[in-house]
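This report refers to the structure that appears directly beneath it.
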Amino acid sequence: MPGTARVLKISGVKYLVEMTTSSPGLGYFKESYEIHLAQLNEERAKGMKVVGTFCLFVPDEIIFAAGADRVILCGGRSNTIPLAEQSLPRTICPLIKSSSGAIVDACNGGTLSCPHVGLVDAVVGEATCDGKTKTYELLPGETEVVADDPQCHYTYSLSLISYEE
670 MPGTARVLKI SGVKYLVEMT TSSPGLGYFK ESYEIHLAQL NEERAKGMKV
720 VGTFCLFVPD EIIFAAGADR VILCGGRSNT IPLAEQSLPR TICPLIKSSS
770 GAIVDACNGG TLSCPHVGLV DAVVGEATCD GKTKTYELLP GETEVVADDP
820 QCHYTYSLSL ISYEE
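Take 670 as the starting number for the sequence shown in our numbering and just add one per residue.
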C-alpha cells in the first residue's frame, strides 16, 4: 500500500525497514522546502541576513532577535563527503562530512551542495561534538570566529573571555 512503512518485528522490538518514496506525505516536505527557499531569497533581497547552523542547539531566539533567519546546513547528501574527506578524518560521522563538504563546495562555486547553502551569510558553530568543532576550524576562506566558548561549566577562564573581548 503506497504511503505505508513495512515494519519487521525482531525480539519484540519494531524496526522500520522500508518507507516507500511514493508517500504523499513526502511531497509536502519537498513543497515546503521550495517555499522556504523562495522566502529566504525574498528576505535576502530586502537585506535580511541568513544564518546557517548544523543543529538545533543554536537557539532560534538569538538568531531572530538579531533580525536574521535561520537555515539548517546540509547533512543528508553523500556526494559532498569526498570533498570533506580531503581535510577531515575519515572516521568523523557522515553527517558532519556531508555538511562540511557542502560548505566547501558552495564556497568554491560548486554545484553539489543543497541550494540554500549559497544563501547563508554567517554560520553559527555550536560545539556539540568534536567533529563539528574540527569542521569549523577548517572552514574555507575568510571565516571569522566571533566567540569560541570553552566546553566547560563556568570557570575563571570563561569569565576572562567576556572581559577580554
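All residues carry an ideal CB built from backbone N, CA and C; glycine is no exception.
All values reported here derive from a predicted model rather than from experimental measurement.
Following the DSSP letters along the chain, one finds Lys-766 inside the alpha helix (DSSP H) bounded by residues 763-776.
Taking the C-beta atoms as reference points, Leu-752 is found nearer than 7 Å to Val-773. For Ala-796, there is no enclosing alpha helix (DSSP H), as DSSP marks it with neither H nor E. Annotation: the continuous beta strand (DSSP E) that includes Ala-737 extends over 737-741. By the C-beta criterion, the segment 698-716 is judged to be in contact with the segment 781-789, since at least 3 inter-stretch pairs fall below 8 Å.
Residue pairing by DSSP places Thr-722 opposite Ile-741 and Val-793 in a beta bridge. Counting along the chain, Leu-752 sits inside the alpha helix (DSSP H) bounded by residues 750-753.
In this model, Ala-737 and Arg-759 are separated by some 34 Å (Cα to Cα). Per the C-alpha coordinates, the member of Ser-767, Arg-739 and Gln-755 positioned closest to Arg-746 is Ser-767.
Exposed is the label assigned to Lys-715, since fewer than 16 other Cβ atoms lie within 10 Å of its Cβ. Within a 10 Å sphere around the beta-carbon of Cys-783 sit 16 or more other beta-carbons, which makes this residue buried. Under the criterion of beta carbons closer than 8 Å, Glu-806 and Cys-724 do not qualify as touching, at roughly 17 Å.
When the five nearest sequence neighbours on each side are left out, the beta carbons in the same chain lying within less than 8 Å of the beta carbon of Glu-712 are those of Val-719 and Asp-738, in order along the chain. With a cutoff of 7 Å on beta-carbon distance, Val-793 and Val-740 are scored as not near each other.
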